[in-house]
Amino acid sequence: MLTVSRAAVKRKLRLTTNEYDAEIDALIAEMLPALRYAIEPSYLNTSDADLLATLNLGALEIIAGEMGATLYRELGAWTGFRIGWLQVLPPALRNPADPTRLKAQGYARLKPFLKRDAQLLFVYREREGETL
Numbered sequence: 012m013l014t015v016s017r018a019a020v021k022r023k024l025r026l027t028t029n030e031y032d033a034e035i036d037a038l039i040a041e042m043l044p045a046l047r048y049a050i051e052p053s054y055l056n057t058s059d060a061d062l063l064a065t066l067n068l069g070a071l072e073i074i075a076g077e078m079g080a081t082l083y084r085e086l087g088a089w090t091g092f093r094i095g096w097l098q099v100l101p102p103a104l105r106n107p108a109d110p111t112r113l114k115a116q117g118y119a120r121l122k123p124f125l126k127r128d129a130q131l132l133f134v135y136r137e138r139e140g141e142t143l
């Protein structure tokens, strides 16, 4: 059985406030069933603790990556500032849909365990030739 906790998502994203708790809970409730459905049932029903830890980590990375993308889309996340000659701008991201690259990392971790016909359309997939 896949499990992802709010505390784990906050730890992965280094969030220390309770400001996003409701959004994290909603994201877990929305994404975890889809991830569970996409994984081959024989892997979910295993008694191998290491395999379950791998599946849980992959699910955590995907959910935390989606939350990270949500935070990057927040108003003000892309603004910089200028004081005299000093100008600070946010870094240019290769992919704003997966700025932390956690979604791609989680997908790569879960890929061997997915059902043959499962398509995780909400997950950013690396193009051929790109590495994590």
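12 is the number of the first residue of the sequence shown in this note's numbering; add one for each residue after it. Think of the CB as a built atom: it goes at the ideal place given N, C-alpha and C, for glycine as much as any other residue.
C-beta contact flag for residue i and residue j at 8 Å
i    : j   : result
K126 : E51 : yes
L43  : M12 : no
A45  : A80 : no
Three-state class that DSSP yields for residue i in the structure shown
i    : result
V15  : coil
L125 : strand
Cα-Cα separation between residue i and residue j, rounded to whole angstroms
i    : j    : result
R47  : A119 : 16 Å
I94  : A75  : 34 Å
N67  : K114 : 13 Å
A6   : L121 : Shown here, the chain extends from 12 to 143; a query on residue 6 therefore has no answer.
D128 : A49  : 8 Å
L143 : I35  : Low confidence applies to L143: its pLDDT is 49, below 50, so where it sits in the model is not reliable, and the reading given next is rough at best. Roughly 25 Å separates the two Cα atoms.
S53  : G117 : 19 Å
Residues sharing a beta bridge with residue i, DSSP
i   : result
R93 : Q98
I50 : L125
Local Cβ density within 10 Å of residue i, reported as buried at 16 or more and exposed below that
i    : result
P110 : buried
G91  : exposed
V15  : buried
E41  : exposed
Closer than 8 Å to chain B by CB, residue i
i   : result
L82 : Although the question refers to chain B, the structure presented lacks it and comprises just one protein chain.
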